[in-house]
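Chemist: Handing you this structure, nothing more for now.
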Amino acid sequence: MGAGDQEQVGTERQGNRLHFTVLGPVRAWRGDQQLPMGSPQQKALLAALLLPGGRTSTAEELIDAIWGEDPPERAKAALRTYASRIRKALGSAAGILVSESGGYAVRTGPEATLDAEEAHELAVRAEKAASAGDREAARELYHSALAQWAGEPLAHVPGPYAEHQRVRLGEWRLGLLELRLDLDLQVGGHAEAVSELTALTAAHPLRERLRELLMLALYRSGRQAEALAVYADTRKLLADELGVDPRTELSELQQRILEADDELAYQSAEDASAPGAETTRPAQLPATVADFTGRASVVAELGDELAQTDGTVMAVSAVAGIGGVGKTTLAIHVAHAAADRFPDGQLYVDLQGAGAAPVDPETVLGSFLRALGVADSAIPGGTEERSALFRSLLAGRRVLALLDNARDAAQVRPLLPGTSGCAALVTSRARMVDLAGAHLVDLDVMNPEEALALFTRIVGAERVLPEREAAMDVVAACGFLPLAIRIAAARLSARRTWTVSALAAKLGDERRRLDELQVGDQAVKATFELGYGQLDHEQARAFRLLGLAEGPDISLDAAAALLDRAPEESEDLLESLVDTSLLESAAPGRYRFHDLVRLFARACAERDEQPTGECEAALARLLDFYLATARHVFAWDHPRDRTVDHLGPPVGEGLEFPGQESALEWLFTEGECLMAAIGQAASRGALRPAADLLVATKDLADSGVHSLRYERAAAVVREAAERAHEALPGARAGIMLTHAHALGGRFPQAEKEAVRALELGRSADDPLSCSYAPNDLGILATYLGRHEEAESHLEAAILAFRADENRPSEASALCNLSRVHTALARHDSAVELAMQGVTIYEEMDSTLRMANALYTLGSALSAAGRVAEGLRHLTEAREIFHVSRQSRWEGVTHFRIAEAHLLSGDAARAAEHAEQAIALRVIGGEWRKATVLVVLGKALAQLGQSRRARACLEEALAIFEPLGSPESAEVRELLTRVAER
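Residues in the sequence shown are numbered consecutively from 392, following the working numbering.
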């Protein structure tokens, strides 16, 4: 038999393998084919033979298992008949059912598997992984074990044995769930766990371990009041139902929450006390340079400070903010030397403080929390909340944070660990005299001997020592600045035919460097002139023009557009600049400048670029590329929507995509660069393309990922247009700013922007803003409870979209009008309007827009009492939003699903989906969060968890009252009713 024959036989055996299931309906499968297992009593016999693990059961035991105390007269004959039928159904595998000693047994093994045995094996492996400290592996194994269940065990199987096993297997599943949820909390998945635990405690109200896990998950999610309310509800329930107090573990957890025990907050990221436990230990320090030279006194000073690690923060900064003096190199060297004093990890971030767009502390904290093992879903929004969680996680740990290239003390403060045992090294161009408790070190340029030593180590003693005087001339020309010395030495090292004297002569030529070498930016420029002066014409042009673009980096395709060169030629140019150390390769196909090099490149462009309009032309080409490509993305996400027809026609074609997934991937990857390009375009007066790019990238606002950047970019364009008295871009930017405000729940500001945008749009005769604005005004009036006004605005929007022949947007307005009719209890017309929207989207083949229509239809049907239909449409909408990365829309759909379950009386499912909505941060900002909390409070009250319900309602009221929301009255009434229970 050949290898191919053997492989075929193996495949056939795999396909013919028997598999039995008892963790759900009792079934038998041969490959993908289900085998007929007969009557319920016959399945009862099969279950009784499968679960003992191959042990022989006597006839009397089997009769008792199937019929209990009331067997039929011919029970043994019936057993023989059932066994015969099972063998017949098994066919060639009938031999696994054996008769011996007057009884029967089923012998499973490699050729005949059982789901319960597979679940047991996975659970054992999970326990071993957890014991070894591999929590992620343990979680996955427990997930796999739980996935073996397919409903109620032994479903519809009669007899006392089956009933007993159903209870046992159900209890086993709950135990596995508790173990997996415990691991979820250990790795920072508390926000996700709250939803599942809420549902489980509703289904199993007397199971105290689940209540304990829920309290801990709520506490770690910043919901202390709810966590304590869970304890109060549990104590009352146990007293009423069983006449007992909560178990000791639950009472102790309540006390620890009251005391804000630090160990509760950081346990998710560390369990250092458990033998063999593996903690999340970041090691983010960049590599130290092998040729680090000098700075002995500063290294010793910082090393001594770090050795004391009493919470002191050290700031390493340069005299007068000079760049290139070696702050980062020094800090990295010191951090590596001290790493063994911080066994719990080292964090690193480049804060980009010297650039035009310093990194926001909120973004940095998100990155740090992920590095410390916190799941994305568990990371709170807002700088203050993230900073508090960061400090909590580091309590009791020894971690070093290297905060490189900081803008000022305000940027640094939220990133400081704040506890003894941890330390922070900060580098900045500014002296941080206002950073309380900081140990300040002013780092000057190298002294001549240190500079010469660094140059020698890079170039090699065999070339430098014979020309020591010339070498000293080189480092003096570099201003003794480490970065300049490194660039000069690297050039010389790469050119074996050059002598040190030849390099010194080149540097001595004043035409090749600034007239006057001094500290400050000019010294940095002089350093970079060394490299710039060695570039050929095309390299120099690329260097200058690339420096013009804002944004953290630039893709190869965008660079090609900026340079007006083919991608292949552009790649060669960019890679050659990388070789000269004037450009960095951030990732395959992406490039970035060091912040100081970017400034130098721009200065070169202002000085050298010819013709004089080439800089403006290059930025126009880049903006055109972004707009052309964003139009293609919009077309994939919004097929046959005429919005893009109203945007200014691009000169170039941009990138095209084979499908929606790749289009969205480009959009989200380029998000920061797109927002930077919009702001830059507005600042130089290119207002129309800037506003059009805002329109084409509006999905970035909906995603929640780039919402804040999008809002800021829209505000910049709108304000610039207002100063320039340009109505059309002002109207379009105003519409997009309206959208951003509405997403954040700032409805009065959004309404103000929409009114102004409509006025500007009418004066500019802009069909886009004249249709979008009334649609937005209708949405906002709906949120604000002005439903008749909303109806008027939306009817105007529908007419405007129809006049523009914009069918997808017409469908959107119809769906918005449906929501108004739902609020006014006009359920029949609400359903009809939503159906019209669905019909249009079906014609347009618009997946993402269809999700909005399904969301609306599901909400209308649920409100009309057709909850099952509504849930089906809402679930489909949620799945589409998830795939399309619209997390905020996914969250608000969970909210509507929760409302539907509440209407149908399924409070447990309602609470579960409301929790998921909170975790995903829904559209509508704090106002919408409060509406979700109300639904959650109602569901919890129905589940008998009155104290936790009250905590949710009180939080909702605290949000509604400052907003002046009419919902406040309903919440006060609900609180009164809950208090009376």
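All residues carry an ideal CB built from backbone N, CA and C; glycine is no exception.
Quick one: using the 10 Å Cβ neighbour count with 16 as the cut-off for buried, is Glu502 buried or exposed?
Modeler: The residue given as residue 502 occupies position 111 in the sequence shown. That one is exposed.
Chemist: Can you list, in chain order, the residues of its chain whose CB lies under 7 Å from that of Asp573, leaving out five sequence neighbours each side?
Modeler: Against the sequence shown, residue 573 aligns to sequence position 182. Excluding sequence neighbours, Asp573 sits near Leu604.
Chemist: What are the start and end residues of the beta strand (DSSP E) that includes Gln425?
Modeler: Within the sequence shown, numbered from 1, the residue matching residue 425 stands at position 34. Note, Gln425: beta strand (DSSP E), Gln424 to Leu426.
Chemist: Between which two residues does the alpha helix (DSSP H) carrying Leu619 extend?
Modeler: Locating residue 619 in the sequence shown gives position 228, counting from the first residue. Segment Gln615 to Glu632, the alpha helix (DSSP H) holding Leu619.
Chemist: Answer yes or no: do Ala593 and Ala1302 have a C-beta to C-beta separation smaller than 8 Å?
Modeler: Your numbering for residue 593 matches position 202 in the sequence shown. Your numbering for residue 1302 matches position 911 in the sequence shown. Contact flag set, yes.
Chemist: Cα separation between Thr364 and Ala1251?
Modeler: Nothing about residue 364 can be read from this structure; the chain reaches only from 392 to 1372.
Chemist: Count the other C-beta atoms from every protein chain shown that fall within 10 angstroms of the C-beta of Ala875, then say buried if there are 16 or more, exposed otherwise.
Modeler: Start at 1 with the first residue of the sequence shown, and residue 875 comes out as number 484. So Ala875 ends up on the buried side.
Chemist: Might you give, ordered along the chain, the residues of its own chain that have their beta carbon closer than 6 Å to the beta carbon of Ser961, omitting 5 neighbours on each side?
Modeler: Position 570 of the sequence shown, counting from 1, holds the residue named residue 961. Taken in chain order, the residues that qualify are Ala950, Ala951 and Leu954.
Chemist: Taking the DSSP output, what are the residues bridged to Val740?
Modeler: The residue you call residue 740 lines up with position 349 of the sequence shown. In DSSP, Val740 forms a bridge with Leu794.
Chemist: Classify Asp731 as buried or exposed, calling it buried when 16 or more other Cβ atoms lie within 10 Å of its own Cβ.
Modeler: Locating residue 731 in the sequence shown gives position 340, counting from the first residue. The residue in question, Asp731, is exposed, as its Cβ has fewer than 16 Cβ neighbours within 10 Å.
Chemist: From Gly444, Leu470, His1178 and Arg446, pick the residue whose C-alpha is nearest to that of Asp455; which is it?
Modeler: As a first step, residue 455 is located in the sequence shown; it is residue number 64 there, counting from the start. Minimum Cα distance to Asp455 is reached at Leu470.
Chemist: Based on Cα-Cα distance, which residue from Ala1349, Leu1354, Gly1355 and Gln539 lies nearest to Leu1366?
Modeler: To locate residue 1366, count along the sequence shown from 1; it is residue 975. Nearest C-alpha to Leu1366: Ala1349.
Chemist: In the DSSP assignment, find the alpha helix (DSSP H) that holds Val1042 and state where it starts and stops.
Modeler: In the sequence shown, the residue the question calls residue 1042 occupies position 651. No alpha helix (DSSP H) holds Val1042; DSSP gives it neither H nor E.
Chemist: Using C-beta distances below 8 Å, list every residue in its chain close to Val690, excluding the 5 sequence neighbours before and after it, in chain order.
Modeler: What you label residue 690 is simply residue 299 of the sequence shown in a count that begins at 1. Once the five neighbours on either side are set aside, the close Cβ partners of Val690 are Leu721, His724, Val725 and Ala728.
Chemist: Please list, in chain order, all residues of the same chain as Gly445 whose beta carbon is under 8 Å from its beta carbon, the five residues on each side excluded.
Modeler: On the sequence shown, position 54 is the one that residue 445 refers to. Here the set comprises Ala496, Val497, Arg498 and Thr499.
Chemist: Going by CA-CA distance only, name the one from Leu567, Asp631 and Glu583 that's closest to Arg600.
Modeler: Here residue 600 corresponds to residue number 209 of the sequence shown, with the count starting at 1. Taking only the C-alpha atoms, the option nearest Arg600 is Leu567.
Chemist: Out of Gly736, Arg571 and Arg932, which has the shortest C-alpha to C-alpha gap to Gln1001?
Modeler: Along the sequence shown, one-based indexing puts residue 1001 at 610. Ranking the options by Cα distance to Gln1001, first place goes to Arg932.
Chemist: Given 8 Å as the limit, is there contact between the region 472–489 and the region 531–541, that is, 3 or more CB pairs closer than that?
Modeler: Not touching, per the Cβ criterion.
Chemist: Going along the chain, which residues of its own chain have a beta-carbon closer than 7 Å to the beta-carbon of Gly1121, five neighbours each way excluded?
Modeler: Mapped onto the sequence shown, residue 1121 falls at position 730. Cβ neighbours of Gly1121 beyond the five flanking positions: Arg1109, Ala1112, Glu1113 and Leu1151.
Chemist: Do Leu1239 and Ile1271 have their C-beta atoms closer together than 8 Å?
Modeler: What you label residue 1239 is simply residue 848 of the sequence shown in a count that begins at 1. What you label residue 1271 is simply residue 880 of the sequence shown in a count that begins at 1. Yes, these two residues count as a Cβ contact at 8 Å.
Chemist: Could you check which residue in Glu775, Arg798, Glu696 and Arg788 has the C-alpha nearest to that of Gly744?
Modeler: Residue numbering aside, residue 744 sits at position 353 when the sequence shown is read from its first letter. Comparing Cα positions, the closest option is Arg798.
Chemist: Based on the DSSP output, what are the partners of Ser768 in its beta bridges?
Modeler: As a first step, residue 768 is located in the sequence shown; it is residue number 377 there, counting from the start. Paired residues: none, contrary to the question.
Chemist: According to DSSP, simplified to helix, strand and coil, what is Asp833?
Modeler: Taking the sequence shown and counting its residues from 1, the one referred to as residue 833 is at position 442. If DSSP states are grouped into helix, strand and coil, Asp833 belongs with the strands.
Chemist: Going by DSSP, what residues sit across from Gly500 in a beta bridge?
Modeler: What you label residue 500 is simply residue 109 of the sequence shown in a count that begins at 1. Answer is Ala503, bridged to Gly500.
Chemist: How is the alpha helix (DSSP H) around His1212 delimited, first residue to last?
Modeler: To locate residue 1212, count along the sequence shown from 1; it is residue 821. Element bounds for His1212: Arg1198 to Ala1214.
Chemist: For Ile1170 and Ser1183, what's the separation of their Cα atoms in angstroms?
Modeler: Within the sequence shown, numbered from 1, the residue matching residue 1170 stands at position 779. Within the sequence shown, numbered from 1, the residue matching residue 1183 stands at position 792. Cα to Cα, the separation comes out at about 11 Å.
Chemist: Once you ignore the five residues that flank Met1235 on each side, which residues in its own chain have a CB closer than 7 Å to its CB?
Modeler: For the purposes of this step, residue 1235 is identified with residue 844 of the sequence shown, where counting begins at 1. So the list reads Pro1030, Arg1031, Arg1198 and Pro1199, once near-sequence residues are dropped.
Chemist: Return yes when the Cβ of Gly1282 is within less than 8 Å of the Cβ of Leu1311, no when it is not.
Modeler: Against the sequence shown, residue 1311 aligns to sequence position 920. Against the sequence shown, residue 1282 aligns to sequence position 891. In contact: Leu1311 and Gly1282 (Cβ atoms closer than 8 Å).
Chemist: Along the beta strand (DSSP E) that carries Trp420, what are the first and last residues, could you check?
Modeler: Counted from its first residue, the sequence shown places residue 420 at position 29. It spans Arg418 to Arg421 - the beta strand (DSSP E) in which Trp420 sits, taken as one unbroken run.
Chemist: Would you kindly report the start and end of the unbroken beta strand (DSSP E) that includes Val489?
Modeler: Residue numbering aside, residue 489 sits at position 98 when the sequence shown is read from its first letter. Looking at the DSSP string, the run of the beta strand (DSSP E) that includes Val489 is Leu488 to Glu491.
Chemist: Tell me Arg981's beta-bridge partners as DSSP assigns them.
Modeler: Sequence index remark: in the sequence shown, residue 981 carries index 590 (1-based). Per DSSP, Ser946 and Ala978.
Chemist: Taking three-plus beta-carbon pairs below 8 Å as touching, is the region 1020–1029 in contact with the region 1083–1095?
Modeler: Touching, yes.
Chemist: Among all the DSSP beta bridges, which residues are the ones paired with Gly494?
Modeler: Within the sequence shown, residue 494 is the residue found at index 103, counting from 1. Paired residues: Thr449 and Glu491.
Chemist: Would you check if there are 3 or more beta carbon pairs closer than 8 Å linking the region 764–780 to the region 572–592?
Modeler: Contact between the region 764–780 and the region 572–592 is present, because at least three Cβ pairs lie under 8 Å.
Chemist: As a quick exercise: from Gln802, Pro734, Ala698 and Glu1260, pick the residue whose alpha carbon is nearest that of Leu742.
Modeler: Translated into positions along the sequence shown, residue 742 becomes position 351. Checked all of Gln802, Pro734, Ala698 and Glu1260; the closest Cα to Leu742 is Gln802.
Chemist: For Arg557 and Glu1267, what's the separation of their Cα atoms in angstroms?
Modeler: Here residue 557 is taken as the residue at index 166 of the sequence shown, counted from 1. Here residue 1267 is taken as the residue at index 876 of the sequence shown, counted from 1. For Arg557 and Glu1267, the distance between alpha carbons rounds to 33 Å.
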